[in-house]
């Protein structure tokens with residue numbers, strides 16, 4: 640039995656009928672030291688049938704007949720080392736392009752519900768492939784891609800093992816406040832400046848989370864910006880003050896600030912591994928880990944773990960992260976599915992709690 644949708648979510652299943660496959664890219668046929676020599680890749684098009692958005696991704700499949708267990712990998716950077724390792728381990732890997740990858744506006748207009756539907760469409764598309772075992776799928780999501788993945792998995796009929804790298808652990812507003820404060824502290828802001836920044840951030844969040852239309856929120860945010868001398872720390876995500884207010888008035892930021900990761904994590908029923916790099920979090924590490932573990936203790940699965948590893952996982956996949964992911968999946972995602980050997984808890988190699996420190 641392949642990956643399937645419940646009767647209440649039939650529309651995403653239509654995505655399989657809209658698959659568009661481009662010609663295979665040439666691979667090195669003989670160099671065994673090159674992981675791509677024993678794999679093939681193709682561009683895959685599929686449909687989010689709920690809102691009609693055409694989506695694309697790259698499907699990489701091991702050489703041979705299969706069927707292979709499948710992984711949907713959600714990340715915007717540094718995926719190739721992990722893809723190579725997973726394919727070498729016998730997984731077919733689909734790496735979707737996030738909507739708005741070329742132009743940011745489609746992403747800003749999307750809600751978290753839209754993005755969760757994108758994730759389910761990717762799982763449906765991957766599970767419908769002849770060379771993939773639709774009963775043996777898993778989902779890996781990094782940083783900003785984690786919330787849609789967390790929302791998508793509980794809605795699936797079959798439990799889908801989930802690996803989250805540096806996901807949010809605090810409510811969206813608190814995460815935003817802590818991140819802005821962390822950047823300001825690094826820039827040398829003093830106590831009074833930090834207090835003013837906290838107040839400004841909370842006023843931004845109040846407007847951004849209101850139920851008014853985006854253009855009304857944009858107007859109110861611009862009025863707020865014009866009436867204060869406080870500035871948010873510079874970030875590549877916000878190239879100018881005007882762009883900041885445009886971002887914050889969007890549906891995406893409305894949902895990001897309203898997101899409550901603890902309640903969403905508590906609804907999970909599938910195996911879940913949370914990986915966090917020791918150098919990753921720009922929020923207090925101890926409180927971050929406690930929030931994650933508190934939420935997972937309420938989840939409907941006994942196979943849930945939090946693992947802190949050396950280095951970073953937020954913008955890259957370190958060797959430690961790749962090892963941990965591969966080892967964890969090996970016990971939970973197999974084809975045929977009957978070979979699966981579920982084990983509770985995180986993989987070996989996690990840093991002990993005694994070593995955790997706030998950044």
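Residue numbers (the working numbering): 640 to 998. By construction, the Cβ of each residue, glycine as well, lies at the ideal position given by its N, Cα and C atoms. Remember, predicted model here, so these are calculated numbers, not experimental data.
Unbroken alpha helix (DSSP H) run spanning residue i, endpoints
i: residue 853; result: 853 to 865
i: residue 961; result: 958 to 969
i: residue 731; result: Residue 731 -> not in any alpha helix (DSSP H); beta strand (DSSP E) instead, spanning 731 to 735.
i: residue 708; result: No alpha helix (DSSP H) holds residue 708; the beta strand (DSSP E) holding it covers 707 to 713.
i: residue 902; result: 900 to 905
i: residue 761; result: 751 to 766
i: residue 726; result: 719 to 727
i: residue 826; result: Here residue 826 belongs to no alpha helix (DSSP H), and DSSP marks it neither H nor E.
Residue i (DSSP reduced to helix, strand or coil)
i: residue 819; result: helix
i: residue 831; result: helix
i: residue 947; result: strand
i: residue 868; result: coil
i: residue 925; result: helix
i: residue 955; result: coil
i: residue 812; result: helix
i: residue 931; result: helix
i: residue 743; result: coil
i: residue 842; result: helix
i: residue 793; result: helix
i: residue 669; result: Confidence is the limiting factor: at residue 669 the pLDDT is only 34, short of 50, which leaves the residue's position unreliable and the question unanswerable from this model.
i: residue 693; result: strand
i: residue 890; result: helix
i: residue 836; result: helix
i: residue 803; result: strand
i: residue 786; result: helix
i: residue 990; result: coil
i: residue 985; result: coil
Per-residue burial, residue i [other beta carbons within 10 Å of its own, 16 or more giving buried]
i: residue 811; result: buried
i: residue 700; result: buried
i: residue 709; result: buried
i: residue 838; result: exposed
i: residue 769; result: exposed
i: residue 868; result: exposed
i: residue 763; result: buried
i: residue 761; result: buried
i: residue 944; result: buried
i: residue 888; result: buried
i: residue 819; result: buried
i: residue 834; result: exposed
i: residue 850; result: exposed
i: residue 744; result: exposed
i: residue 841; result: exposed
i: residue 847; result: buried
i: residue 759; result: buried
i: residue 859; result: buried
i: residue 957; result: buried
i: residue 933; result: exposed
i: residue 793; result: buried
i: residue 813; result: buried
i: residue 922; result: buried
i: residue 930; result: buried
i: residue 971; result: buried
i: residue 866; result: exposed
i: residue 844; result: buried
i: residue 680; result: buried
Whole-angstrom C-beta distance between residue j and residue i, which should lie under 8 Å
i: residue 774; j: residue 757; result: The pair is not a contact, with the Cβ atoms about 22 Å apart (cut-off 8 Å).
i: residue 882; j: residue 917; result: Incorrect: roughly 32 Å between the Cβ atoms, too far for contact.
i: residue 964; j: residue 805; result: So it is not a contact: roughly 13 Å between Cβ atoms.
i: residue 788; j: residue 776; result: In fact, because the Cβ distance is near 12 Å, the residues do not count as touching under 8 Å.
i: residue 809; j: residue 817; result: 7 Å
i: residue 942; j: residue 910; result: 4 Å
i: residue 695; j: residue 727; result: Incorrect: roughly 24 Å between the Cβ atoms, too far for contact.
i: residue 586; j: residue 712; result: The chain is shown from 640 up to 998; residue 586 falls before or after that span and cannot be answered.
i: residue 755; j: residue 702; result: The Cβ separation is near 33 Å, so there is no contact.
i: residue 890; j: residue 750; result: 5 Å
i: residue 999; j: residue 724; result: No answer is possible for residue 999: the residues shown for the chain start at 640 and end at 998.
For residue i, the first and last residue of its enclosing beta strand (DSSP E)
i: residue 807; result: Per DSSP, residue 807 belongs to no beta strand (DSSP E) and is neither H nor E.
i: residue 682; result: 678 to 687
i: residue 774; result: 771 to 781
i: residue 914; result: 911 to 916
Residue-level contact to chain C via CB, residue i, 8 Å cutoff
i: residue 728; result: Reference to chain C is not applicable here, since this structure consists of a single protein chain.
message: Using 8 Å as the cut-off, can you tell me whether the stretch 772 to 790 makes contact with the stretch 948 to 960, which would need three or more C-beta pairs spanning the two stretches below that distance?
response: yes
field: Meets three-Cβ-pair contact criterion under 8 Å: the stretch 814 to 828 and the stretch 854 to 868
entry: no
Validate contact between the stretch 889 to 906 and the stretch 864 to 874 using beta carbons, cut 8 Å, 3 pairs: no
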